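Below you'll find the structure, written out as structure tokens, and then a few comments.
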Amino acid sequence: MHGTELENLIKAIGKLPGIGARGARRIALHLLRAPDKHLTPFVAALSQAAAVISVCRVCGNLDSQNPCSICQDARRADGTICVVADINDLWAFERTGAHRGQYHVLGGVLSALNGVGPDELRMAELLVRLNEPVREIILALPSTVDGQTTAHVVQERIAAAAPHIAITRLAVGIPIGGAIEYLDEGTLRLAVSARR
């Protein structure tokens, strides 16, 4: 029904996260209906991104500078490093302005089922950063079994390498606007134990 080039475009779009076959066909059709208006600028943006954007050698963020603009900002060298699982987490913190220090992207969490061990994450790079003037490591990892396992392993390694550095975790518990009667037992237990 479609030419090979169109099928290749649909398959390439369909490999993006959150886009199924139907969505990929709709996006391809949208791009091809007005190639000068949609497709050509899209291709140019992709080419430019591929040529310019890279992974920051210090923190693991994506940027057109290396080290990234966050790592180069002297105002952010306040001695805190927020450890996150993925770049999306870093961007979430940046949108809120909740953290004004530096970051370290691990590149995922430990997962025995998926074959992700400590060597597949950027833990060694984090330990090297402990030679900088660091006073606190904030572990901002998911509240999942794998996320908490990762936090525990990272905490142990930091404590062994630099026992003078404070290690903190994000608070957990009742979300804003959350009704207590609808919370699961684990969330309620954590909220009570982390009360202040």
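Take the sequence shown: its position 23, counting from 1, is numbered 22 in numbering that gives the first Met the number 0, and each next residue is one higher. Idealized CB from N, CA, C, for every residue including glycine. Owing to the predicted nature of the structure, the values given are computational and were not obtained by experimental measurement.
Under the DSSP definition of a beta bridge, which residues are partnered with SER63?
Looking at the DSSP output, SER63 bridges to nothing.
Cβ-Cβ distance between ILE173 and ALA190 below 7 Å
Yes; because the gap between Cβ atoms is below 7 Å, this pair is in contact.
Range of the contiguous beta strand (DSSP E) that encloses VAL104
Residues 101-104.
Can you tell me where the alpha helix (DSSP H) with ILE12 in it begins and where it stops?
3-13 is the span of the alpha helix (DSSP H), which, as asked, contains ILE12.
Only counting the same chain, and skipping five residues up and downstream in sequence, which positions put a Cβ closer than 7 Å to that of SER53?
For SER53, where only same-chain residues beyond five positions count, the Cβ hits under 7 Å are ASN65.
Under 8 Å, with one C-beta from each stretch per pair, do the segment 148-159 and the segment 109-120 reach the 3-pair mark?
The segment 148-159, when compared against the segment 109-120, does touch it at the 8 Å Cβ threshold.
Using 10 angstroms around the beta-carbon of THR149, count the other beta-carbons present and answer buried if the total reaches 16, otherwise exposed.
Result: buried.
Using only alpha-carbon positions, find the residue among GLY116, LEU138, ALA161 that is nearest to PRO132.
Comparing Cα positions, the closest option is ALA161.
When ASN7, CYS58, PHE92, ARG99 are compared against ARG74, the one with the closest alpha-carbon
The candidate whose alpha carbon is nearest that of ARG74 is ARG99.
Paired residues, beta bridge with ALA165 - DSSP:
GLU135, per the DSSP bridge assignment.
If LEU30 and HIS37 are in contact, beta carbons under 8 Å, what's the gap, nearest whole angstrom?
5 Å between Cβ atoms; contact.
Reference GLY185; option with closest CA among GLY177, ALA178, VAL171
Selection GLY177, ALA178, VAL171 evaluated against GLY185 yields VAL171 as nearest (Cα-Cα).
What ranges does the alpha helix (DSSP H) occupy inside the segment 35-99, keeping only unbroken runs of at least 4 residues that lie completely in it?
Whole alpha helix (DSSP H) segments, 4+ residues: 39-51, 68-71, 86-95.
If you run the structure through DSSP and keep just helix, strand and coil, what is VAL153?
When DSSP states are grouped into helix, strand and coil, VAL153 belongs to the helix group.
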